[in-house]
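Colleague:
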Ligand code: DHB
Ligand code: MG
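Residue numbers (my numbering): 81 to 305.
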């Protein structure tokens, strides 16, 4: 009889997957260690999720990636490592410290030349990218504050083209998103974002629940038709 899906089991199975399939080198361990030292909650993607993002990016042949929220650069490194020669990752974060440290961590990982950081509230950075008419992105990873997902998603669609894949992180939040009585601002933001996806005929989408070292959460995957 398998053990119930308690936190320990989830963590143990993620460890098991990592044992077989995932190698975290010193460059990836740096931002994780720094987050512990700085008392930042462990909210970067897990190793299995980071590897998933890299594989997804490689599978669609992404050459231009947009990341909304870099924290200390853990997912940034995974995504940058997916890029071919000449590929580019534009990464946004509101905090100067995050952009500085993520930049240093990308340099340590040998991918600094592939990443362009923008330090602003994400809405502002996105407006600038839209107004500048930058080339659309192949892959977009939304991972900043969940209250603003509807705003980010609106701008992200202006930075997309047919075939663009958008991953929106943390849309399950231990299942609270499915509680119609929830008044949590993040839950309301995520539900509004889901409604935008639902009502937009240009998009096809699904969402996956995840369990593991980060507990019960999940992501939406959207493709522009
Ligand atoms: C939270 C944010 C994240 O991006 C994440 O991966 C996990 C949790 C949060 O704000 O709680
Ligand atoms: Mg996240």
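Ideal placement from N, C-alpha and C gives every residue a C-beta, glycine not left out.
Kindly examine ligand 1 and report whether one of its heavy atoms sits closer than 6 Å to the Cβ of residue 250.
Modeller: Result yes, Cβ under 6 Å from ligand 1.
Colleague: Residue 186 and residue 153 look like a contact to me (Cβ under 8 Å); what is the Cβ gap, rounded to whole Å?
Modeller: So it is a contact: roughly 6 Å between Cβ atoms.
Colleague: CA-CA distance, residue 89 and residue 300?
Modeller: So the two alpha carbons sit approximately 24 Å from each other.
Colleague: Select from 120, 144, 245 and 112 the residue whose C-alpha is nearest the C-alpha of residue 164.
Modeller: It is 144 whose Cα lies nearest to the Cα of residue 164.
Colleague: By a C-beta neighbour count over all protein chains shown, 10 Å radius and 16 as the cutoff for buried, is residue 111 buried or exposed?
Modeller: So residue 111 ends up on the buried side.
Colleague: Hey, out of 102, 92, 240 and 303, whose CA is closest to residue 210's CA?
Modeller: Of 102, 92, 240 and 303, the residue nearest in Cα terms is 240.
Colleague: Buried or exposed: residue 311, going by 16 or more other Cβ atoms within 10 Å of its Cβ?
Modeller: With the chain covering only 81 through 305, there is no way to say anything about residue 311.
Colleague: Taking 6 Å as the line, does the beta carbon of residue 223 fall inside it for any heavy atom of ligand 1?
Modeller: For ligand 1, at least one heavy atom lies less than 6 Å from the Cβ of residue 223.
Colleague: Would you list, in sequence order, the uninterrupted beta strand (DSSP E) runs of no fewer than 3 residues that lie entirely inside the region 108-187?
Modeller: The region 108-187 contains these whole beta strand (DSSP E) runs: 144-148 and 168-173.
Colleague: Can you name, in chain order, every residue of its own chain whose Cβ lies under 7 Å from the Cβ of residue 256, other than the five neighbours on each side?
Modeller: Within the same chain, residue 256 has close Cβ partners 262, 264 and 267.
Colleague: Just mark residue 249 as buried or exposed, buried being the case when its beta carbon has 16 or more other beta carbons within 10 Å.
Modeller: Residue 249 comes out buried.
Colleague: Could you check which residue in 269, 109, 92 and 289 has the C-alpha nearest to that of residue 122?
Modeller: When only C-alpha atoms are compared, the closest one is 109.
Colleague: Select from 302, 216, 97 and 226 the residue whose C-alpha is nearest the C-alpha of residue 279.
Modeller: Measuring from the Cα of residue 279, the nearest candidate turns out to be 302.
Colleague: Can residue 112 be considered in contact with ligand 3, in the sense that its beta carbon sits closer than 6 Å to one or more heavy atoms?
Modeller: Because ligand 3 does not appear in the structure shown, any question about it cannot be addressed here, the ligands present being ligand 1 and ligand 2.
Colleague: Can you list, in chain order, the residues of its chain whose CB lies under 8 Å from that of residue 84, leaving out five sequence neighbours each side?
Modeller: Answer for residue 84: no residue qualifies.
Colleague: How is residue 290 classed by DSSP in three states: helix, strand or coil?
Modeller: Here residue 290 sits in strand by DSSP.
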